[in-house]
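J.: Please read through the structure below; I'll follow up with questions.
Residue numbers (this note's numbering): 9 to 90.
Below, the structure is given as structure tokens:
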């Protein structure tokens, strides 16, 4: 999942893009807090067998991709790429 922040100076908002989904925030701090929480949940170990009856065999899934915090051009900041 690609997650990045974008500032909208016209509406004075911060947009958090998550692939095709977008959420707006009124402050950079709120947007960064959301991205931090989302990234920690994405990176957390997940037990595939804990949800009950599914077609996948039970086991533990761990996303080992670290949070990518390098900045890119303009008002867009890449925070996570999986």
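Note that CB positions come from ideal geometry on N, CA and C, so glycine has one too. Please read these numbers as outputs of a predicted model, since none were measured by experiment.
So, are the CB atoms of residue 24 and residue 11 less than 8 Å apart?
T.: Position 16 of the chain shown, counted from the start, is the residue given in the question as residue 24. Position 3 of the chain shown, counted from the start, is the residue given in the question as residue 11. Yes, Cβ-Cβ distance for residue 24 and residue 11 is below 8 Å.
J.: Can you tell me the Cβ-Cβ gap for residue 32 and residue 46, rounded? I've got them flagged as a contact below 8 Å.
T.: As a first step, residue 32 must be located in the chain shown, where it is residue number 24. As a first step, residue 46 must be located in the chain shown, where it is residue number 38. With a Cβ gap of about 15 Å, residue 32 and residue 46 do not count as contacting.
J.: Excluding five sequence neighbours on each side, which residues of the same chain lie with their C-beta closer than 8 Å to the C-beta of residue 35?
T.: The residue given as residue 35 occupies position 27 in the chain shown. Excluding positions up to five away in sequence, the list reads 22.
J.: Which residue comes first and which comes last in the alpha helix (DSSP H) that contains residue 47?
T.: Along the chain shown, read from residue 1 onward, the residue named residue 47 stands at position 39. Segment 36-51, the alpha helix (DSSP H) holding residue 47.
J.: What's the C-alpha gap between residue 26 and residue 13?
T.: On the chain shown, residue 26 is found 18 positions in, with the first residue counted as 1. On the chain shown, residue 13 is found 5 positions in, with the first residue counted as 1. Those two C-alpha atoms are separated by around 9 Å.
J.: Between which two residues does the beta strand (DSSP E) harbouring residue 16 extend?
T.: For the purposes of this step, residue 16 is taken as residue 8 along the chain shown, with counting starting at 1. Looking at the DSSP string, the run of the beta strand (DSSP E) that includes residue 16 is 10-16.
J.: What's the call for residue 18, buried or exposed, on a 16-neighbour Cβ count within 10 Å?
T.: Position 10 of the chain shown, counted from the start, is the residue given in the question as residue 18. Flag for residue 18 reads exposed.
J.: Within 8 Å of any Cβ in chain C, is that where the Cβ of residue 49 sits?
T.: Absent from the structure is chain C; it holds one protein chain and no more.
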